[in-house]
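Residue numbering for the sequence shown follows this note's numbering, beginning at 13 and increasing consecutively.
Virtual Cβ for every residue (Gly too), placed ideally from N, Cα, C.
Since the model is a prediction, treat every value here as computed from it, not as a measurement.
Below is one structure, written out as structure tokens; the observations come after it.
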Amino acid sequence: MTRKVLLSAAACVLAAAVACNKSTPNPTSPTSATQPETGAAPDGSTLKVSAPSAVSPVNNAKPDQIVLVINPASGRNQQLTLSYEFEILSGTTSIHRSGTIAGTGGQISYTPAGVDFNADQQYTWRARAVFQGAVGPWSANATFLGPDTGFLRGNEVRDPLTNGKTVGLIVGPTQFIPGEGLKLLTNTSYLKYPLQATLTAGQFSMMIKGADEGTPGDKSKVFAMQQGDDVDITTNNYRFTAELRGANYSAPGSISCRMIAGDGVSRDCARVQRNFDSSRWYFWKLTWNVGGSFTMEVREDNENGRVIYSYTHGLSGRTYRPTPHMAYLGSPVGRAGPIDATLPNGIYKNVYIGPNARPTFPQ
13 MTRKVLLSAA
23 ACVLAAAVAC
33 NKSTPNPTSP
43 TSATQPETGA
53 APDGSTLKVS
63 APSAVSPVNN
73 AKPDQIVLVI
83 NPASGRNQQL
93 TLSYEFEILS
103 GTTSIHRSGT
113 IAGTGGQISY
123 TPAGVDFNAD
133 QQYTWRARAV
143 FQGAVGPWSA
153 NATFLGPDTG
163 FLRGNEVRDP
173 LTNGKTVGLI
183 VGPTQFIPGE
193 GLKLLTNTSY
203 LKYPLQATLT
213 AGQFSMMIKG
223 ADEGTPGDKS
233 KVFAMQQGDD
243 VDITTNNYRF
253 TAELRGANYS
263 APGSISCRMI
273 AGDGVSRDCA
283 RVQRNFDSSR
293 WYFWKLTWNV
303 GGSFTMEVRE
313 DNENGRVIYS
323 YTHGLSGRTY
333 RPTPHMAYLG
343 SPVGRAGPID
353 ATLPNGIYKN
363 VYIGPNARPT
373 FPQ
């Protein structure tokens with residue numbers, strides 16, 4: 013009897029020891045404190061975290077600069093340091109995918125580089141969390157409209173000027189008028205566009221307000237082109253000038269133009285006198301083609317307004333090919349001095365130079 017009791021007691025001690033051994037964790041086993049929960053979900057995500065949420069831009073906002081901002085994703089394991097990926101779509105087509113963007117707590121911002129957005133076009137964007145190759149679910153789609161940004165690339169320029177910025181180079185006193193454009197304040201003020209490639213055929217067009225027959229000047233320049241920079245435009249062998257004669261001229265308000273295509277021959281437009289309203293917008297446009305002709309026109313109010321000036325002149329088989337090609341709003345000072353340079357007080361906006369159809373600008 014005594015022997016059975018002792019055996020029974022020994023069995024209990026052994027069982028307790030085994031149980032204790034099973035409940036004691038192995039101190040060398042890895043911890044899961046910084047490991048993500050993974051496993052493919054129906055939406056294709058492989059990281060068990062929430063979707064981030066879009067902060068801005070949303071609801072077709074139209075910022076001056078595109079900066080995508082999100083609230084971060086969250087998961088059960090709060091010790092995970094998540095990164096993020098952003099995508100921008102035009103319609104259903106992905107046009108930009110970011111690399112991995114570090115998340116450091118709080119809101120995460122990303123500025124897409126190298127993306128040319130079309131003004132007023134709707135774009136969609138979204139973001140998701142990333143950890144060691146696993147990806148979380150995408151955020152709900154957010155939308156924005158392309159900003160009124162400009163560009164200067166190759167032989168093409170788009171410069172709204174209504175956003176307080178320019179892709180050109182400012183010379184002399186100027187002023188950005190909020191919501192309107194860039195004002196050239198003096199005869200020596202101008203804005204230059206150094207084209208990266210020669211434009212042998214295309215257009216140079218813009219909207220102008222405030223430039224009229226009452227402004228000081230003589231053979232004043234509204235816009236111009238030439239070969240090279242820092243040279244006398246009045247003696248340049250490749251040049252174009254669009255003129256609006258100022259108050260110092262015998263017939264103020266006269267519109268005229270001139271092109272020289274490398275042969276020293278001045279091809280002058282007819283001179284027509286008009287009365288301008290300084291509170292009204294006017295559309296000015298030059299077009300030219302290879303070995304054919306050039307045309308300058310001026311319209312009231314907008315590019316579809318009433319024509320108040322139009323003149324076409326042949327180029328005698330010549331091609332306008334300045335190298336390098338410089339274009340100006342206003343004009344540098346020539347040999348006659350400031351009185352024949354820029355027509356002051358003009359406010360310029362919605363400038364286009366290039367070989368394509370004029371793009372749509374906000375009015």
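Residue nearest to G276 within the set Y332, G304 and P356 is Y332 (criterion: CA-CA distance). A contact between stretches requires three or more CB pairs, one per stretch, nearer than 8 Å, and the segment 283 to 303 fails this requirement with the segment 200 to 209. As DSSP reads the structure, I100 sits in a beta bridge with H108 and W137. Secondary structure note for F288: it is in no beta strand (DSSP E), with a DSSP letter that is neither H nor E. Put simply, the segment 137 to 147 touches the segment 64 to 73. At least three CB pairs are less than 8 Å apart. Looking only at M218, R165, I189 and E255, the smallest Cα-Cα distance to L211 is reached by R165. The alpha carbon of I120 has as its nearest neighbour, out of D132, A154, A85 and I107, the alpha carbon of A85. Looking only at T174, G180, D241 and N368, the smallest Cα-Cα distance to F188 is reached by T174. Taking P206 as the centre and dropping the five residues before and after it, the same chain places the C-beta of M338 closer than 6 Å to its C-beta, in chain order. In this structure A236 touches F252 by the C-beta definition: roughly 6 Å separates them, less than 8 Å.
Look at I78 here: in three-state DSSP terms it is coil, with no helix or strand label. One thing to note: G222 has its Cβ no nearer than 7 Å to the Cβ of I320. Excluding sequence positions up to five before and after A73, its CB lies within less than 6 Å of the CB of F156, all in the same chain and listed in chain order. Of the residues assessed, L181 falls on the exposed side of the cut-off, its CB having fewer than 16 other CB atoms within 10 angstroms. Judged by DSSP in its simplified three-state form, D171 adopts strand.
DSSP links S95 through a beta bridge to A114 and V142. Within the DSSP bridge table, the entry for F129 names no partner. Judged by DSSP secondary structure, K177 falls outside any beta strand (DSSP E); it is assigned neither H nor E. Of the residues Y96, T93, D128 and E97, the one whose Cα lies closest to the Cα of I107 is D128. Rounded to whole angstroms, the gap between the alpha carbons of V81 and L196 is 37 Å.
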